[in-house]
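Numbering (full-length UniProt numbering), first residue to last: 1 to 234. Every residue, glycine too, gets a C-beta built ideally from N, C-alpha and C. Right, one structure below, let's go through it.
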Amino acid sequence: MLEVRDLQVAYGPAPALWGVSFELRPRELLCIVGPNGAGKTTLINTLAGILRARGGRITFEGRDITALPAHRFCQAGIAIVPEGRRLFAGMSVIENLEVGSLLPAAKAKRAASLEAVLALFPALKAKLGQAAGELSGGQQQMLAIGRALMACPSLLLLDEPSLGLSPLVVQEVFAAIRRVNAEGTAVLLVEQNVAMAMRVADRAYVLEQGRMAAEGAPGELMQREEIRRAYLGA
Ligand code: ATP
1 MLEVRDLQVA YGPAPALWGV SFELRPRELL CIVGPNGAGK TTLINTLAGI LRARGGRITF
61 EGRDITALPA HRFCQAGIAI VPEGRRLFAG MSVIENLEVG SLLPAAKAKR AASLEAVLAL
121 FPALKAKLGQ AAGELSGGQQ QMLAIGRALM ACPSLLLLDE PSLGLSPLVV QEVFAAIRRV
181 NAEGTAVLLV EQNVAMAMRV ADRAYVLEQG RMAAEGAPGE LMQREEIRRA YLGA
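As structure tokens, then:
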């Protein structure tokens, strides 16, 4: 569904991704884990069209999208839940959700999408008129995911959805991500919370210093001594 070949991204003269290759299969829940500064955010922002690739190729559903402008990535069916959520704090919950469905194709399905998002996150139902900035951290993360889903994506990108949330809320958010995936949306998740990400993913890659270091089924990767030591302190 998504094929990334030899992707190179840099900030000015400083390379952040050195030739990253991986694939995401149809309907897969794929996670990419890695330490601080490995390049996870750089990778996911490039897949969302926010950053430009300096080399390599991104193919999505058979189409080369490497050089498309950011809004075309959204049109192509890719939506991102960015690091730190990036909600419009002064706008209401419903307004934030509506922003997610501004493109004509998504706008036409707005009512049905809203119903699906509120079924996924019932806690948002009573908060529709409230400012997004007044929500709890967990509710803000739910809203950020809901806003991305309002675009009716076929691929949902999530950058560190567990960041700053309590363990109980993390479980709730990850259960929702799994449900979205089970209902047919492919998911690419980057996470520092390796234990949690590995629990929900179908397959995982390890990104280290801008390069893919390992790939496999989560159960298999977690058996590897060097990965346990690096990520679980075990
Ligand atoms: P984190 O979990 O801390 O967000 P990450 O794996 O997402 O880490 P990136 O944020 O993608 O990593 O950073 C990859 C590399 O690129 C790091 O060396 C970082 O210092 C550098 N970098 C990231 N953003 C910028 C920027 N705006 N300008 C210059 N260098 C950057």
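**Request:** Report, in whole angstroms, the separation of the C-beta atoms of GLY137 and LEU165, which I expect to be a contact under 8 Å.
**Result:** 6 Å
**Prompt:** If you drop the 5 nearest sequence neighbours on each side, which residues of the same chain put their C-beta closer than 8 Å to that of ALA16?
**Reply:** VAL9, ALA10, GLY39, THR42, GLY210
**Request:** Rank ILE32, LEU97, PHE73 by C-alpha distance to the C-alpha of LEU128 and give the top, closest one.
**Result:** LEU97
**Request:** Out of ARG203, MET150, LEU188, state which residue places its alpha-carbon closest to the alpha-carbon of PHE121.
**Result:** MET150
**Asked** If you pair each beta-carbon of the segment 177-189 with each one of the segment 28-35, do three or more pairs fall below 8 Å?
**Response** yes
**Message:** Going residue by residue through the segment 89-165, where are the continuous beta strand (DSSP E) segments of at least 3 residues, counting only ones entirely within it?
**Reply:** 155-159
**Request:** Just the C-alpha distance for TYR205 and GLU95, rounded to the nearest angstrom, thanks.
**Result:** 36 Å
**Prompt:** Roughly how many whole angstroms lie between the Cα atoms of PHE60 and MET1?
**Reply:** 6 Å
**Request:** Answer yes or no: do MET212 and VAL81 have a C-beta to C-beta separation smaller than 8 Å?
**Result:** no
**Request:** Go ahead and pull the three-state DSSP assignment for ALA234.
**Result:** At ALA234 the pLDDT is 48, less than 50, meaning the model places this residue with poor confidence; the figure from the coordinates comes in the next sentence. ALA234: coil per DSSP, three-state reduction.
**Item:** Nearest to LEU102 (by Cα), restricted to the options ARG5, LEU68, ALA79
**Value:** ALA79
**Message:** Determine whether the beta carbon atoms of THR143 and ALA132 lie at a separation below 8 Å.
**Reply:** According to the sequence displayed, residue 143 carries Leu and not Thr. Yes, Cβ-Cβ distance for LEU143 and ALA132 is below 8 Å.
**Asked** Near GLN141, what residues of its chain come up, given a Cβ to Cβ distance below 7 Å and the 5 sequence neighbours on each side ignored?
**Response** ARG85, PRO161, LEU165, VAL173
**Prompt:** Should PRO153 go down as buried or exposed, given a rule of 16 or more other Cβ atoms within 10 Å for buried?
**Reply:** buried
**Item:** Spatial neighbours of LYS125 in its chain, beta-carbon cut-off 7 Å, leaving aside the 5 residues before and after
**Value:** LEU118
**Residue span of the alpha helix (DSSP H) that contains GLN75, given as start and end** = 70-76
**Message:** Buried or exposed for ASP159, going by 16 or more other Cβ atoms inside 10 Å?
**Reply:** buried
**Prompt:** How would the residue list near the ligand ATP read, in chain order, if you kept each one whose beta-carbon is closer than 5 Å to any heavy atom?
**Reply:** TYR11, ALA16, ASN36, GLY37, ALA38, GLY39, LYS40, THR41, THR42
**Message:** Quick test of your reading: PHE22 and VAL33, contact by CB under 8 Å. State the CB separation rounded to the nearest angstrom.
**Reply:** The Cβ separation is near 13 Å, so there is no contact.
**Request:** Rounded to whole angstroms, what's the CA-CA distance from ALA197 to LEU47? Just pull it up for me.
**Result:** 19 Å
**Asked** By Cβ distance below 6 Å, which residues in the same chain neighbour GLY56 in space, the five residues on each side in sequence not counted?
**Response** ARG5, ASP6, LEU7, GLN8
**Prompt:** Under a three-way DSSP split, which group does residue 238 fall into?
**Reply:** Missing from the structure shown is residue 238; the chain here goes from 1 to 234 and no further.
**Item:** GLU191 - partner residues in DSSP beta bridges
**Value:** VAL33
**Message:** Let me confirm a value: PRO69 is counted as buried when at least 16 other C-beta atoms fall within 10 Å, else exposed. Which label applies?
**Reply:** exposed
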